[in-house]
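Going by the working numbering, the sequence shown opens with residue 866, and the numbers climb by one from there.
The beta carbon of each residue, even a glycine, is placed where N, CA and C say it ideally should be.
Since the structure is predicted, the reported quantities are computational estimates derived from the model, not experimental observations.
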Amino acid sequence: MFGCTNNDIPIKDKEEEKPPVEDEEKPALPPDEDTEVTLFKILNLDYPGLGAVKSLHEAGDDNTALKELLAYYINRENIKNPNVTSASPSEVERGYADYAIDEYRFYVNDNYLEDKNLKKPYSLQNSDKTINWEFAPKGADNEYQKQLHRHNWMPLQGKTYQDSHDEKYMLSWKEVYADWIAKHPLPEGSPDKFKWYQLQVSTRIMGQTESFEYFKSSPNFTPEWLSFFLVHFAEHADYLSKYKYAGENNILLSQAVALVFAGTLFPELKNASQWQKTGCDIINDQTSKLFLEDGMTNDLSLHYHIGILDGLYDLKRLLLLNKVPENLLSPNLNEVLLKAAKVVMHFTYPSYFTKNSKDCSPAFNDSWVKTRSVLNKNFKKYMEMFPEDSEFEYMYTYGKSGACPSTQIKTFQSSGFYVLRSGWDSQSTVLIHSNNISSKLGDSSHNQLDNGTFELYRNGRNFFPDSGVCAYMAEGNENVMELRRWFRQTKAHNTMVLGNTAEHEETGAENINKAAGTLLLSKDENEYQLIVTENQGYTNFKHRRAIFYVKQPQEFFVFVDEGFGTATGYAKLYFHLCDEKSVDNVLLDKEVFGAHTTFNGDNNLLVRTFGETNKNLIFKEFDGRISYQTDRKYEQRKSYAVVMRKPDNSPVRYITVLYPVRSATGHTIEGQFKETGNKDNVSINIKIDGHPYDLNYNLNE
């Protein structure tokens, strides 16, 4: 539901009134419903400005009363929708508006296009020229049908109509929306998973508030259509108000925001104040539950996190633009939103400061990388919300003004994310470590089973990008679910698993069963940064990972991975390098348990892993995958595991060096433990091209 749009300009006034357009191929609209009777039951005729409507209704002249009501809505100026803009639609938006008329090619989202180059959606037209609302593309997951019923193309038609004044868009909206209402009446009971699911209803309400403003001055926006629209709008809001979503996540918040929008933008309806209050009550109750103490949302997905922030930004603008009762929202909301916006800032990669950059954020859990353009639109909003915060100004202006954020370690302990950073320019280095805390581990969860994983961005390149998502849920399609589970599994990430054999086992067989990440130690020194985290991922096996970011005299990373517990079997340390475009630039070095890259441009990485002297390592190449779409397609990439047998209660211990180089040739790396193992101490020696580095930590200090 939530996204980035330019919604800061009011609608243009219509220059002239045109007669309604007759379309002989279309049925008379709206359908034969007695909505006028219902409308006057749900309309608050005592609302300021409706005096003439009330008088006409009481005199029995409802036809004229409806005309007066339409004139009121066309001319009202005291109600403003922050999501409505007078800006022209983009070519893509105009294309989706036109495709909706062409054989009912309804835009669902960018993952579901018949032709992605042409941005051409699938057709829902039956052979008898009717709309097939049950259509789904071959092999599609459940998300297509869910998002189809959000009507995402309708506001785009409204925006295009406002720019063109072409009545075909208005006629299309009337025809399609009336058809949808006729075929999907309000259910008698609780929401289903598709048409009347809370997120679908919320999104339709938000879209209807925009479409109404875009189309209301059309000569084809008749009094009868106004009656039809308002009755079914109120029907949507009443239903949404009645059935509160059971979960505490982005769906419930979208429900709340939609109710506040409905009540604020249509105060003439009797239940408007109740919708508004219900929505604000949900927001006040859920803010502390949805947002963790460190600012991250409990879904642990940056994608949904940004969307939730965007919705609350729109909500704040709505309340500022319109007269609403005081104290509807909790006074601590601003503090929560500030923390949440800072999360986005600290998760931004330095590529953001390079023009036209596409991959400017990590893709942990069910998330997708964000472009420079998308992030910039959001930083503009954060700057508007918090004009005194100079760090958002810095991000919005690409560092031209404002205050540069800190390069100290950033720990998000409630969610389990940790950021090590050298700077805030395009050449900087950033490592983000994920060791989440979540009880949601099922297939439908946005949180993946990836505790201990990381991404490493350096000088314009992500050397260890997350594997991605690939597919939404599709309970009835085992092939799709197998894809979703592959990308969710623990070994699809840069972390450690425990298996029964030295081989790569079946999808999910080695998954952790608990995500309870903890921070044991954090140090920020001039020469290096250090974080130590652990997770009891298995009943009898715990993974601890220490990450040293050595900054002087040269830059490199050292990972110390340890596995403690009574479990026996095989520990496997997985690494997934670069993306599908870089397969030929990643070479696996089996004999020395590592890999290196061969990119042009003096920006490469050398990776080496070592075990204890009395432990044998096994190198296992793995068929890695990467996908940042949910179209069930993926690409291959280079991956491998370093395997160590665990025959008894003694721990398994690895040292891995990630050494940035201009060229990987001609370098020697050595690593060894200086002590035999202590659950509270680590002391290691690293030699790079003969230069020694002694690194250690003590958890008891």
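So is residue i buried or exposed if we call it buried at 16+ other beta carbons inside 10 Å?
{"i": "arginine 1527", "result": "exposed"}
{"i": "lysine 1511", "result": "buried"}
{"i": "serine 1266", "result": "exposed"}
{"i": "cysteine 1335", "result": "buried"}
{"i": "asparagine 1365", "result": "exposed"}
{"i": "threonine 1495", "result": "buried"}
{"i": "cysteine 1269", "result": "exposed"}
{"i": "arginine 941", "result": "exposed"}
{"i": "proline 913", "result": "exposed"}
{"i": "serine 1332", "result": "buried"}
{"i": "glutamate 1368", "result": "exposed"}
{"i": "asparagine 943", "result": "exposed"}
{"i": "aspartate 1559", "result": "exposed"}
Please name the residue or residues paired with residue i in a DSSP beta bridge.
{"i": "aspartate 1454", "result": "Gly1459"}
{"i": "aspartate 1389", "result": "Gln1394"}
{"i": "alanine 1506", "result": "Tyr1439 and Lys1485"}
{"i": "asparagine 1469", "result": "Val1526"}
{"i": "phenylalanine 1421", "result": "Val1415"}
{"i": "alanine 1381", "result": "Ile1302"}
{"i": "isoleucine 1491", "result": "Glu1500"}
{"i": "phenylalanine 1277", "result": "Phe1282"}
{"i": "histidine 1556", "result": "Ile1553"}
{"i": "valine 1295", "result": "Arg1286 and Tyr1322"}
{"i": "isoleucine 1534", "result": "Ile1553"}
{"i": "histidine 1311", "result": "The partner list for histidine 1311 (beta bridge, DSSP) is empty, contrary to what the question assumes."}
{"i": "phenylalanine 1429", "result": "Lys1407"}
{"i": "methionine 1361", "result": "Leu1438"}
Below 8 Å on the Cβ atoms is my guess for residue i versus residue j; work out the distance and round it to an integer in Å.
{"i": "threonine 1383", "j": "glutamate 1399", "result": "6 Å"}
{"i": "tyrosine 977", "j": "alanine 952", "result": "Going by Cβ atoms, the distance from tyrosine 977 to alanine 952 rounds to 26 Å, so no, they are not a contact pair."}
{"i": "glutamate 1032", "j": "asparagine 948", "result": "Not a contact, Cβ separation roughly 23 Å."}
{"i": "tyrosine 961", "j": "tryptophan 1018", "result": "5 Å"}
{"i": "alanine 1380", "j": "isoleucine 1302", "result": "6 Å"}
{"i": "glutamate 1611", "j": "methionine 1210", "result": "What the structure shows of the chain is the stretch from 866 to 1566, and residue 1611 is not part of that stretch, so it cannot be assessed."}
{"i": "phenylalanine 1094", "j": "phenylalanine 1131", "result": "Their Cβ separation, rounded to whole angstroms, is 10 Å, which puts phenylalanine 1094 and phenylalanine 1131 out of contact at 8 Å."}
{"i": "glutamate 1392", "j": "threonine 1372", "result": "Their Cβ separation, rounded to whole angstroms, is 42 Å, which puts glutamate 1392 and threonine 1372 out of contact at 8 Å."}
{"i": "alanine 1506", "j": "threonine 1462", "result": "Not really, about 18 Å apart at Cβ, beyond 8 Å."}
{"i": "asparagine 1114", "j": "leucine 1174", "result": "Going by Cβ atoms, the distance from asparagine 1114 to leucine 1174 rounds to 14 Å, so no, they are not a contact pair."}
{"i": "threonine 950", "j": "serine 1092", "result": "Contact flag wrong, Cβ pair sits at about 27 Å."}
If we ignore side chains and look at the alpha-carbon of each, how far apart do residue i and residue j end up?
{"i": "proline 1177", "j": "valine 1122", "result": "Going by the sequence as given, residue 1177 is leucine instead of proline. C-alpha separation (whole angstroms): 7 Å."}
{"i": "tyrosine 1042", "j": "threonine 1143", "result": "27 Å"}
{"i": "glutamate 1158", "j": "serine 1299", "result": "17 Å"}
{"i": "leucine 921", "j": "arginine 1182", "result": "35 Å"}
{"i": "aspartate 1426", "j": "phenylalanine 1458", "result": "15 Å"}
{"i": "methionine 1338", "j": "phenylalanine 971", "result": "21 Å"}
{"i": "lysine 1567", "j": "valine 1423", "result": "There is simply no residue 1567 to check, as the chain begins at 866 and stops at 1566 in what is shown."}
{"i": "lysine 891", "j": "glutamate 1040", "result": "Confidence at lysine 891 is low in this model, with a pLDDT of 44, below 50, so the placement of that residue is unreliable and no value is reported for it."}
{"i": "methionine 1260", "j": "leucine 1118", "result": "27 Å"}
{"i": "phenylalanine 1406", "j": "leucine 1363", "result": "8 Å"}
{"i": "asparagine 820", "j": "phenylalanine 1282", "result": "Nothing about residue 820 can be reported from this structure: the residues present for the chain run from 866 to 1566 only."}
{"i": "aspartate 1389", "j": "isoleucine 1274", "result": "7 Å"}
{"i": "proline 1557", "j": "glutamine 1537", "result": "11 Å"}
{"i": "asparagine 1324", "j": "glutamine 1292", "result": "4 Å"}
{"i": "glutamine 1063", "j": "glycine 1054", "result": "13 Å"}
{"i": "alanine 1205", "j": "phenylalanine 1229", "result": "17 Å"}
{"i": "asparagine 1550", "j": "glutamate 1420", "result": "16 Å"}
{"i": "aspartate 1554", "j": "tyrosine 1524", "result": "11 Å"}
{"i": "isoleucine 1520", "j": "glutamate 1200", "result": "41 Å"}
{"i": "phenylalanine 1244", "j": "proline 1052", "result": "40 Å"}
{"i": "leucine 908", "j": "serine 1287", "result": "60 Å"}
{"i": "leucine 983", "j": "glutamate 956", "result": "11 Å"}
{"i": "lysine 945", "j": "alanine 1137", "result": "15 Å"}
{"i": "arginine 1279", "j": "histidine 1168", "result": "The amino acid at residue 1279 is misidentified as arginine; the sequence shows serine. So the two alpha carbons sit approximately 18 Å from each other."}
{"i": "arginine 1328", "j": "serine 1166", "result": "The sequence shown places phenylalanine at residue 1328, not arginine. Their backbone Cα atoms lie some 21 Å apart in a straight line."}
{"i": "lysine 906", "j": "serine 1195", "result": "33 Å"}
{"i": "valine 902", "j": "lysine 985", "result": "41 Å"}
{"i": "aspartate 1315", "j": "aspartate 1290", "result": "29 Å"}
{"i": "arginine 1069", "j": "leucine 935", "result": "22 Å"}
{"i": "serine 1350", "j": "asparagine 1085", "result": "According to the sequence as given, residue 1350 is arginine; it is not serine. Near 49 Å, if we compare the C-alpha coordinates of asparagine 1085 and arginine 1350."}
{"i": "asparagine 1563", "j": "serine 1387", "result": "11 Å"}
- Query: In chain order, which alpha helix (DSSP H) runs of at least 4 residues are fully inside the region 1106 to 1161?
  - Reply: 1115 to 1130 and 1137 to 1155
- Message: Which runs of the alpha helix (DSSP H) at least 4 residues long sit entirely within the region 901 to 978? Give them in chain order.
- Response: 916 to 923, 927 to 940 and 956 to 964
- In chain order, which alpha helix (DSSP H) runs of at least 4 residues are fully inside the region 1153 to 1203? 1167 to 1186
- Taking the runs of the alpha helix (DSSP H) that are 4 residues or longer, which of them lie wholly in the region 1015 to 1039? 1019 to 1029
- Item | Segments of 4+ residues assigned as alpha helix (DSSP H) that fall wholly inside the region 1034 to 1083 | 1063 to 1080
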